[in-house]
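Asker:
Chains as they are written, first to last, in the UniProt record's numbering: chain H, 1 to 430; chain D, 1 to 247.
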């Protein structure tokens with residue numbers, strides 16, 4: 001299996017997208033190697049992971065072709081970096097919502113030719129992918145959805161707009177009634193921006209269908225997450241993270257179906273006592289900033305140290321799928337209000353106060369049967385980094401082993417992180 | 001017989017225990033092939049149960065049948081053995097500085113470690129000593145004897161080096177700069193200890209604890225006495241040897 005896996009190439013398609021083909025052609029072999037080493041070397045993986053392996057194999061080809069065909073057919077293709085994007089409205093317009101590249105070290109040097117060095121690696125990586133023309137997803141989008149969740153992002157969008165049309169929505173940073181109304185107006189503006197691409201109006205039925213489709217995807221992820229909480233876990237944390245990452249770029253209906261197929265297999269595995277690690281394996285929950293594909297660094301360190309990751313309280317994890325939208329609306333205005341209410345439940349650290357997040361972390365810690373929390377913070381992500389202070393206090397008050405780390409995409413600190421993770425596991429084992 | 005081997009970034013330390021008491025302790029330079037050096041040291045006690053710790057512990061595991069523990073656990077075990085009432089450990093080695101908090105019964109309850117940055121590590125002191133033309137021993141002695149007056153502002157090893165150079169070029173006596181460097185490191189370490197929460201019954205381990213000037217400055221900054229083992233650099237190896245007895 002491991003030897004057959006290969007991330008595929010399609011230089012003709014890349015050429016059509018205006019990519020730097022010569023430079024990009026080095027990417028698939030690199031990803032192939034990393035993927036074999038990190039994912040395919042795992043023992044006892046569920047068989048239904050094959051679909052997700054295939055999604056990685058086709059990450060620069062098959063899936064891009066699908067998106068390209070949709071775009072040529074006049075469907076809106078929107079690139080995003082945040083879970084605060086009303087993707088229901090994109091799906092309602094028959095379009096595609098994709099999380100953009102932003103999880104690799106390789107594009108950071110491109111970004112640093114323009115951007116300051118001391119901003120978060122995700123913003124730099126993403127910007128570098130666009131200016132270096134080395135992300136097919138970036139090349140295929142009609143517009144990028146940007147938001148104002150942090151200073152680095154909101155100012156970078158102004159520069160990114162020179163390379164690709166960037167629509168910025170103002171995310172309120174408090175959760176008062178007036179903030180909700182502000183965001184409702186932003187949602188309406190976004191709907192209009194998507195409609196301009198298709199030159200049609202998305203009506204009540206279309207929005208209802210969009211909500212249903214995205215709800216179904218989120219529900220499938222909820223089901224998967226609750227199954228992986230079983231002890232012993234039927235699936236590794238790395239595989240779960242991968243699926244959560246794929247959720248941001250796969251076709252939602254097919255993805256939900258494949259997740260349910262995997263869930264069926266996991267239920268059987270749980271029934272017959274098949275697990276990826278023994279019950280005594282230390283169970284770690286990861287909280288904090290998101291891990292854009294292919295950022296697998298922390299999960300790989302944790303699981304290589306002999307533990308298992310059992311939950312991601314993160315934009316790449318539960319923050320993306322814990323809430324669904326009420327499907328009982330009777331008119332379009334009500335639909336948009338229900339949608340806004342759902343999004344206002346996201347406890348991103350850009351909000352103040354944000355005590356709901358602390359409560360959510362503790363709730364997920366209980367539900368996942370974790371034995372310790374590692375709070376992950378991308379370098380220079382000030383809101384999460386500072387919020388870790390309150391999270392630590394909450395954990396200490398409950399005797400929950402807690403460790404916060406701040407890191408980036410470079411391999412420089414892997415040795416040190418290994419030591420810290422191993423020491424944390426020693427602390428848990430006593 | 002139990003043996004602990006601590007493969008640090010600068011030196012390899014071994015401690016051999018027999019019937020609970022120390023039979024032998026050694027400190028050698030890591031060299032370019034630390035695992036060969038370490039294997040030779042292990043070869044002298046073929047019957048010993050061995051536990052490795054430190055930077056090179058994973059490398060050792062590829063070459064020999066042994067258990068490993070992190071240097072955080074090793075220093076906690078070693079410090080607690082030497083000072084049974086100890087509640088916190090500050091370990092400053094070549095690459096890392098860490099603070100470990102212990103419960104009443106010696107369990108690790110929390111720890112902090114510097115991130116990928118040399119500030120406040122042995123390496124930082126070493127670089128500053130070199131740029132001032134001191135050997136490591138003279139560096140601390142000179143600092144202790146110098147007048148106050150010059151602060152060092154930068155804790156980044158690279159920037160601090162240029163700061164040192166510019167102070168030298170302004171005619172500030174090297175000893176005075178040495179003192180400033182020590183003060184800067186002591187204040188950084190004190191902040192790390194205070195942030196972790198406990199500074200009473202603090203044991204200072206690792207090679208940097210041999211620097212008496214730094215220890216005195218740290219005591220002043222924290223306002224409490226700091227306990228230093230007789231040979232602080234072998235504390236991790238001792239902890240590993242102790243662990244070999246219970247694994």
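We put the CB at the ideal spot given by N, CA and C, even for glycine.
Could you give the first and the last residue of the continuous beta strand (DSSP E) run that contains residue 166 of chain H?
Answerer: The residue you call residue 166 of chain H lines up with position 166 of the first chain. Per DSSP, residue 166 of chain H belongs to the beta strand (DSSP E) from 166 to 169.
Asker: Looking only at its own chain, which residues have a Cβ that is under 7 Å from the Cβ of residue 277 of chain H, when we skip the five neighbours before and after it?
Answerer: One-based indexing of the first chain puts residue 277 of chain H at position 277. Counting only Cβ-Cβ distances below 7 Å, and skipping sequence neighbours, we find 232, 233, 308.
Asker: Between residue 255 of chain H and residue 78 of chain H, what straight-line distance do the alpha-carbon atoms span, to the nearest angstrom?
Answerer: As a working mapping, residue 255 of chain H is identified with position 255 in the first chain. As a working mapping, residue 78 of chain H is identified with position 78 in the first chain. So the alpha carbons of these two residues sit roughly 18 Å apart.
Asker: Kindly say whether residue 213 of chain D, judged by its beta-carbon, lies nearer than 8 Å to any beta-carbon of chain H.
Answerer: The count along the second chain starts at 1 and reaches residue 213 of chain D at position 213. Not closer than 8 Å to any Cβ of chain H, the Cβ of residue 213 of chain D fails to qualify, so no.
Asker: What are the start and end residues of each continuous beta strand (DSSP E) run of 3 or more residues lying completely inside the region 98 to 150 of chain D, in chain order?
Answerer: Runs of the beta strand (DSSP E) inside the region 98 to 150 of chain D: 108 to 113.
Asker: Enumerate in chain order the residues of its own chain whose CB-to-CB distance from residue 354 of chain H is below 7 Å, with the five nearest sequence positions on each side excluded.
Answerer: The residue labelled residue 354 of chain H in the question sits at position 354 within the first chain. Counting only Cβ-Cβ distances below 7 Å, and skipping sequence neighbours, we find 347, 387.
Asker: Less than 8 Å between the CB atoms is what I'm expecting for residue 250 of chain H and residue 49 of chain H, so what's the real figure, rounded?
Answerer: In the first chain, counting from the first residue as 1, residue 250 of chain H sits at position 250. In the first chain, counting from the first residue as 1, residue 49 of chain H sits at position 49. That pair is no contact at about 14 Å.
Asker: Going by beta carbon distance, what residues of the same chain come within less than 7 Å of residue 69 of chain D, once the five residues before and after it are set aside?
Answerer: Sequence index remark: in the second chain, residue 69 of chain D carries index 69 (1-based). Around residue 69 of chain D: 51, 53, 240, 243.
Asker: Quick one: residues in its chain with C-beta nearer than 8 Å to the C-beta of residue 379 of chain H, no 5 flanking neighbours on either side, listed in chain order?
Answerer: The residue you call residue 379 of chain H lines up with position 379 of the first chain. Result list for residue 379 of chain H: 120, 121, 406, 407, 408, in chain order.
Asker: Give me the chain H residues within the contact set of residue 70 of chain D, using Cβ-Cβ distance strictly less than 7 Å, ordered along the chain.
Answerer: For the purposes of this step, residue 70 of chain D is taken as the residue at position 70 of the second chain. Correct list: 419, 422, 423, 426.
Asker: Chain D beta carbons: is any one of them nearer than 8 Å to that of residue 375 of chain H?
Answerer: Taking the first residue of the first chain as position 1, residue 375 of chain H is located at position 375. False, the Cβ-Cβ gap to chain D never drops below 8 Å.
Asker: Please report how far the alpha carbon of residue 31 of chain D lies from the alpha carbon of residue 120 of chain D, in whole angstroms.
Answerer: On the second chain, position 31 is the one that residue 31 of chain D refers to. On the second chain, position 120 is the one that residue 120 of chain D refers to. Each residue's alpha carbon lies about 23 Å from the other.
Asker: Enumerated in chain order, which unbroken segments of the alpha helix (DSSP H) with a length of 4 residues or greater are wholly contained in the region 335 to 410 of chain H?
Answerer: Listed in chain order, the complete alpha helix (DSSP H) runs (minimum 4 residues) inside the region 335 to 410 of chain H are 355 to 368, 382 to 397.
Asker: Residues bridged to residue 152 of chain D by DSSP?
Answerer: Taking the second chain and counting its residues from 1, one reaches residue 152 of chain D at position 152. Answer is none; residue 152 of chain D lacks a bridge partner.
Asker: Who are the near neighbours of residue 39 of chain D in its chain, counting only those whose CB is closer than 7 Å to its CB and skipping five residues on each side?
Answerer: Along the second chain, one-based indexing puts residue 39 of chain D at 39. Around residue 39 of chain D: 63, 64.
Asker: Counting C-beta neighbours from all protein chains within 10 Å, is the total for residue 47 of chain D 16 or more, i.e. buried, or is it exposed?
Answerer: Counting from 1 along the second chain, the entry for residue 47 of chain D is found at position 47. Exposed, by the Cβ-count rule.
Asker: Give the C-beta separation of residue 344 of chain H and residue 175 of chain H to the nearest angstrom, bearing in mind that I take them to be a contact with Cβ-Cβ under 8 Å.
Answerer: Residue mapping note: residue 344 of chain H aligns to position 344 of the first chain, counting from 1. Residue mapping note: residue 175 of chain H aligns to position 175 of the first chain, counting from 1. Contact flag correct, Cβ pair sits at about 6 Å.
Asker: Per DSSP, what are the beta-bridge partners of residue 202 of chain D in this structure?
Answerer: The sequence position of residue 202 of chain D within the second chain is 202, counting from 1. For residue 202 of chain D, which the question treats as bridged, DSSP gives the partners D:88, D:226.
Asker: Using the beta-carbon of each residue, which ones in chain H are nearer than 7 Å to residue 107 of chain D?
Answerer: For the purposes of this step, residue 107 of chain D is taken as the residue at position 107 of the second chain. Near residue 107 of chain D (Cβ distances below 7 Å), the residues of chain H are 430.
Asker: Excluding the 5 residues preceding and the 5 following residue 67 of chain H in the sequence, name in chain order all residues of the same chain whose CB lies nearer than 8 Å to its CB.
Answerer: Taking the first residue of the first chain as 1, we reach residue 67 of chain H at position 67. For residue 67 of chain H, where only same-chain residues beyond five positions count, the Cβ hits under 8 Å are 77, 96, 98, 137, 140.
Asker: Is any beta-carbon of chain D found at less than 8 Å from that of residue 105 of chain H?
Answerer: To locate residue 105 of chain H, count along the first chain from 1; it is residue 105. No, residue 105 of chain H lies away from the interface with chain D (no Cβ there is under 8 Å from its Cβ).
Asker: Starting from residue 149 of chain H, trace the alpha helix (DSSP H) both ways and give me its first and last residue.
Answerer: Taking the first residue of the first chain as position 1, residue 149 of chain H is located at position 149. Residue 149 of chain H -> no alpha helix (DSSP H), and no H or E assigned at all.
Asker: From residue 88 of chain D to residue 134 of chain D, what distance separates their C-alpha atoms?
Answerer: As a position in the second chain, residue 88 of chain D is number 88, starting the count at 1. As a position in the second chain, residue 134 of chain D is number 134, starting the count at 1. The alpha-carbon atoms of residue 88 of chain D and residue 134 of chain D are separated by roughly 32 Å.
Asker: Going by DSSP, what residue range makes up the alpha helix (DSSP H) through residue 53 of chain H?
Answerer: Along the first chain, one-based indexing puts residue 53 of chain H at 53. First-last of the alpha helix (DSSP H) with residue 53 of chain H: 50 to 57.
Asker: Indicate the three-state DSSP secondary structure (helix, strand or coil) for residue 96 of chain H in the structure shown.
Answerer: Looking up residue 96 of chain H in the first chain gives position 96. Residue 96 of chain H: strand per DSSP, three-state reduction.
Asker: If residue 233 of chain D and residue 206 of chain D are in contact, beta carbons under 8 Å, what's the gap, nearest whole angstrom?
Answerer: As a first step, residue 233 of chain D must be located in the second chain, where it is residue number 233. As a first step, residue 206 of chain D must be located in the second chain, where it is residue number 206. Indeed they touch by this definition, with Cβ atoms about 6 Å apart.
Asker: Distance check for residue 391 of chain H and residue 280 of chain H, CA to CA, integer angstroms please.
Answerer: Here residue 280 of chain H refers to the residue found at position 280 when the first chain is read from its first residue. Here residue 391 of chain H refers to the residue found at position 391 when the first chain is read from its first residue. Taking the straight line from one Cα to the other gives about 26 Å.
Asker: For residue 38 of chain H, which residues in the same chain have their Cβ closer than 8 Å to its Cβ, ignoring the five residues on either side in sequence?
Answerer: In the first chain, residue 38 of chain H corresponds to position 38, counting from 1. Excluding positions up to five away in sequence, the list reads 238, 296, 300.
Asker: Taking CB distances under 8 Å as the criterion, tell me whether residue 185 of chain H reaches chain D.
Answerer: Translated into positions along the first chain, residue 185 of chain H becomes position 185. So, not an interface residue.
Asker: Does residue 334 of chain H get closer than 8 Å to chain D when you measure Cβ to Cβ?
Answerer: Mapped onto the first chain, residue 334 of chain H falls at position 334. It does not; no Cβ of chain D falls within 8 Å.
Asker: Considering only C-alpha positions, which residue in the set D:35, D:71, D:225, D:44 is nearest to residue 59 of chain D?
Answerer: To locate residue 59 of chain D, count along the second chain from 1; it is residue 59. Selected option, being the one with the closest Cα: D:35.
Asker: If you run the structure through DSSP and keep just helix, strand and coil, what is residue 36 of chain D?
Answerer: The residue labelled residue 36 of chain D in the question sits at position 36 within the second chain. Of the three classes helix, strand and coil, the one that applies to residue 36 of chain D here is helix, per DSSP.
Asker: How about residue 124 of chain D: is its C-beta nearer than 8 Å to some C-beta of chain H?
Answerer: Along the second chain, read from residue 1 onward, the residue named residue 124 of chain D stands at position 124. Not closer than 8 Å to any Cβ of chain H, the Cβ of residue 124 of chain D fails to qualify, so no.
Asker: Could you spell out where the alpha helix (DSSP H) holding residue 286 of chain H opens and where it closes?
Answerer: The residue labelled residue 286 of chain H in the question sits at position 286 within the first chain. That residue, residue 286 of chain H, is in no alpha helix (DSSP H); its beta strand (DSSP E) goes 283 to 288.
Asker: Considering only DSSP beta bridges, list what residue 52 of chain D is partnered with.
Answerer: Stepping through the second chain from its first residue, residue 52 of chain D is reached at position 52. DSSP lists D:5, D:68 as partners of residue 52 of chain D.
Asker: Is the Cβ-Cβ distance between residue 170 of chain H and residue 182 of chain H less than 8 Å?
Answerer: Position 170 of the first chain, counted from the start, is the residue given in the question as residue 170 of chain H. Position 182 of the first chain, counted from the start, is the residue given in the question as residue 182 of chain H. Contact flag set, yes.
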